[in-house]
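Note sheet for the following structure.
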Amino acid sequence: MNLKHNFLLAMPGLGGDYFANTLTYICEHNKDGAMGIIINRPSDMSLMELLAQVGLPANHKLLDTNVFEGGPVAVERGMVLHTSNKTFDSSADLGTGLCLSTAMEVLAAIANDEGPEQYLVALGYAGWGEGQLEDEIANNVWLTAPGDQAVLFKSAWQDKLADAADLLGINLNLIAAKPGHA
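See below:
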């Protein structure tokens, strides 16, 4: 099973967990584990505020651009998931027209209006060790759906989870949090 370029949709049974109501985009998945970015949990910081904190000119049009809580690992580290129309020395090509960049150069390009066409900025990431994600899926912690750039970049953050569920033709609100017994 390789879930790279897929979404993980948190099942309703995760209520109260860190990952409750999250949608995570899987950037890498191999025999050693998986790495992804939560794409629907905005932080308390706007992109303009983040840029100001790192000493980059802050364009006021970025005031309403969210910075997301990408996950519980390395929360001090910035990640930019973006379209591959513009790449940087630090860009990892994820395939399917997407890159993941971690260096200041991508933030500087965004601040100067020279960044990628579409992007999502997150602090931290989600990580799973060898076999951990597969076990969680087998235990109904996650649903998986194919990754979709419209959901990544065009859906409002509060609609992303439902929009990803729509890719599967389901409504997460109709799924019971606990399995029943017949």
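Each position in the sequence shown, counted from 1, maps to that position plus 7 in the numbering used here.
Virtual Cβ for every residue (Gly too), placed ideally from N, Cα, C.
- CA-to-CA, the gap between I144 and L150 works out to about 7 Å.
- In the DSSP assignment, A59 falls within the alpha helix (DSSP H) that extends over L54 to Q60.
- The stretch 74-91 makes contact with the stretch 127-135, as at least three CB pairs between them are under 8 Å.
- Beyond the five residues adjoining it in sequence on each side, L21 comes within less than 7 Å, by CB distance, of A27 and V148 in the same chain, given in chain order.
- With a minimum length of 3 residues, the unbroken runs of beta strand (DSSP E) contained wholly in the stretch 98-166 fall at 99-102, 105-108, 126-136 and 149-153.
- Within the stretch 16-48, the complete beta strand (DSSP E) runs of at least 3 residues fall at 30-37 and 40-45.
- Beta-bridge annotation (DSSP): T90 is paired with L105.
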